[in-house]
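I have placed the structure first, in the form of structure tokens, so that the comments after it can refer back to it.
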Amino acid sequence: MSFCSNASESGDIFGRWVMTEVVYDDGSVNQLEAGNFVDINADTITEVIKGYGNRQYPYTRQDKVLTLTADDEQIIWQILSEATDRLEVATPIGKYKLTR
């Protein structure tokens, strides 16, 4: 039963998220124009960022921690807040603010 609950919980973040802004560690904010997305499915996360192209990463999820793999490097994304239409994730680049 808890397996189903975990699968359902992790499925809540599946789908396309619009990247609206990135908040950097120094507090500065980058308001992003339309056309920047993060697509999350069961096995991969794809970042679609204008000017940088598409980057796809396999990942695993343990509670609020997403561990992405890029080549031989592991990249940690921490889910800070999660709602039906909002997702905030701390990444090595900064805090991603995402909406549906």
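Add 3 to a position in the sequence shown, counting from 1, and you land on the number used in my numbering.
Every residue gets a Cβ at the ideal spot worked out from N, C-alpha and C, and that includes glycine.
Pair within 8 angstroms by beta-carbon distance, residue i and residue j
i     : j      : result
THR23 : LEU35  : yes
LEU71 : ILE16  : no
THR20 : ILE43  : This sequence places Trp at residue 20; Thr is not what is there. Result yes, Cβ atoms of TRP20 and ILE43 sit closer than 8 angstroms.
ILE78 : PRO95  : yes
VAL26 : LEU101 : no
Burial state of residue i, where buried means 16 or more other Cβ atoms lie within 10 Å
i      : result
ASN33  : exposed
SER5   : Legend: pLDDT at SER5 = 32, less than 50; position of this residue unreliable, no value from coordinates given.
ARG103 : exposed
Pick from the options that is closest to residue i, judged by C-alpha positions
i     : options                       : result
THR47 : GLY97, VAL92 and GLY18        : GLY18
VAL59 : GLY30, ALA45 and ASP28        : Just to set this straight, residue 59 is Gln in the shown sequence, not Val. Checking every option, the nearest Cα to that of GLN59 belongs to ALA45.
ASP75 : TYR55, ASP29, GLY56 and PRO61 : PRO61
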